[in-house]
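In the numbering used here, the protein residues as written are 18 to 267.
We put the CB at the ideal spot given by N, CA and C, even for glycine.
Worksheet: one structure, shown below.
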Amino acid sequence: MHIAAAAFAFAPALAIGSFLNVVAARLPMQRSIVQPRSACQSCQTELRWQDNIPIVSYLALGGRCRTCGEHFSVRYPLVELTTALLVAACFLRYGLSGQAIVGAFFVSVLVVLSAIDIEHLILPDKIVLPSFVIVLVANIAFFPDRTLEWVIAALGASLFLFLALLAYPRGMGMGDVKLALLLGAALGWTVAVGMLIGMIAAVGFGALMMMQHGLDARKKAIPFGPFLAFGAIVAYFAGDAILNAYTGTF
Ligand SMILES: [Zn+2]
């Protein structure tokens, strides 16, 4: 455990979460993520720096715009906090190391993709594909003796979802198939654990929706990306333990 490294990473990770909010809000709209400065979506007033501090400003302003009083989406502080906790967890696990940085990058990408998928039902290639290449190259650089594992896990996970897509086209999309490339490159063999957990979570969530809303729920499009991301994060931190427990049981 590297508690100092995790504590050191937490504040910068909140800032990364803040940046991910900007990406999630603007990239699907083809807007620049560099400028202009963040503004209230309702009255277009630019946020002052003290109203743009992750989590703190949301709490201080009661989740409302200082100028027009419009509610800000709870997604903003949620994305910031989730990013900060997951990035801190990477540094807690691996200390100040290249592996922690790759992990921090991976979980941050999963957070922003989930936020976009929930709102727009897309997983933009612009994020998924470069992230896949970056994680694959980094993992090969850090663990060259596992090169085959990263490549096979990426292609295998992607092929598996592609076949699932052919069998059940309504359940997912090509975005999920491409996301599986990233998951395999990041997780190696434990990608199987991640995908299984993701699918169980998605089926469980679907069943819950059906119980609450009846058959109408079937018409609602549910993004699959956040469930895959959830499974991948569990696998990233606990995949080896889960695999060992499983193979130890049989
Ligand atoms: Zn406003």
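Q. What span of residues does the alpha helix (DSSP H) with LEU182 cover, start to end?
A. Where LEU182 is concerned, the enclosing alpha helix (DSSP H) stretches over 164 to 184.
(Q) With H, G and I counted as helix, E and B as strand and the rest as coil, what does DSSP make of HIS137? (A) Note: HIS137 maps to helix in three-state DSSP.
Q. Any idea what DSSP makes of GLU87, helix, strand or coil?
A. coil
Q: Put ALA238 into one of helix, strand or coil per three-state DSSP.
A: coil
Q. Can we count SER131 as close to ligand 1, meaning its CB is less than 7 Å from some heavy atom?
A. no
**Q.** beta-carbon SER59 near ligand 1 non-hydrogen atom, thresh 7 Å
**A.** yes
Q | Residue environment, THR164, which counts as buried when at least 16 other CB atoms sit within 10 Å | A | exposed
Q. Between the beta-carbon of CYS57 and the beta-carbon of GLU87, is there less than 8 Å?
A. Their beta carbons are under 8 Å apart, which means CYS57 touches GLU87 by this criterion.
Q. DSSP on ARG48, reduced to helix/strand/coil?
A. Residue state, collapsed to three classes: coil.
**Q.** Simplified DSSP state of ARG81, which is helix, strand or coil
**A.** strand
Q: On the DSSP bridge assignment, give the partners of GLU63 in chain order.
A: ALA56
Q) Comparing alpha-carbon positions, which option in ASN156, ALA246, GLU97 lies nearest ASP219? A) The amino acid at residue 219 is misidentified as Asp; the sequence shows Ala. Among ASN156, ALA246, GLU97, the Cα nearest to that of ALA219 belongs to ALA246.
Q: Give the straight-line distance between the Cα atoms of PHE123 and VAL152, rounded to the nearest whole angstrom.
A: 7 Å
Q: Using only alpha-carbon positions, find the residue among GLU97, PRO53, SER114, VAL73 that is nearest to MET18.
A: The shortest C-alpha separation from MET18 is found at SER114.
**Q.** Nearest to ALA105 (by Cα), restricted to the options ALA181, SER131, VAL251, ALA30
**A.** ALA30
Q: For THR264, verify whether its CB is less than 7 Å away from any heavy atom of ligand 1.
A: no
Q.
For a test of the three-state rule: what should DSSP assign to GLY190, helix, strand or coil?
A. coil
Q: Say yes only if the C-beta of CYS107 is nearer than 7 Å to one or more non-hydrogen atoms of ligand 1, and no if none qualify.
A: no
Q. Ordered along the chain, which non-local residues of its own chain (more than five positions away) have a Cβ less than 7 Å from that of SER59?
A. Excluding positions up to five away in sequence, the list reads CYS82, CYS85, GLU87.
Q. Do LEU204 and ALA249 have their CB atoms nearer than 8 Å?
A. yes
Q. Quick check: the region 127 to 142 against the region 169 to 188, are there 3 or more CB pairs under 8 Å?
A. Contact fails between the region 127 to 142 and the region 169 to 188, because fewer than three Cβ pairs, one in each stretch, are under 8 Å apart.
Q) Can THR100 be considered in contact with ligand 1, in the sense that its beta carbon sits closer than 7 Å to one or more heavy atoms? A) THR100: no, Cβ never under 7 Å from ligand 1.
**Q.** PHE244 burial status per 10 Å Cβ neighbour count (16 or more: buried)
**A.** buried
Q: Buried or exposed for GLY192, please, with buried defined as at least 16 other CB atoms from any protein chain shown within 10 angstroms of its CB.
A: buried
Q | LEU113 - DSSP class collapsed to helix/strand/coil | A | coil
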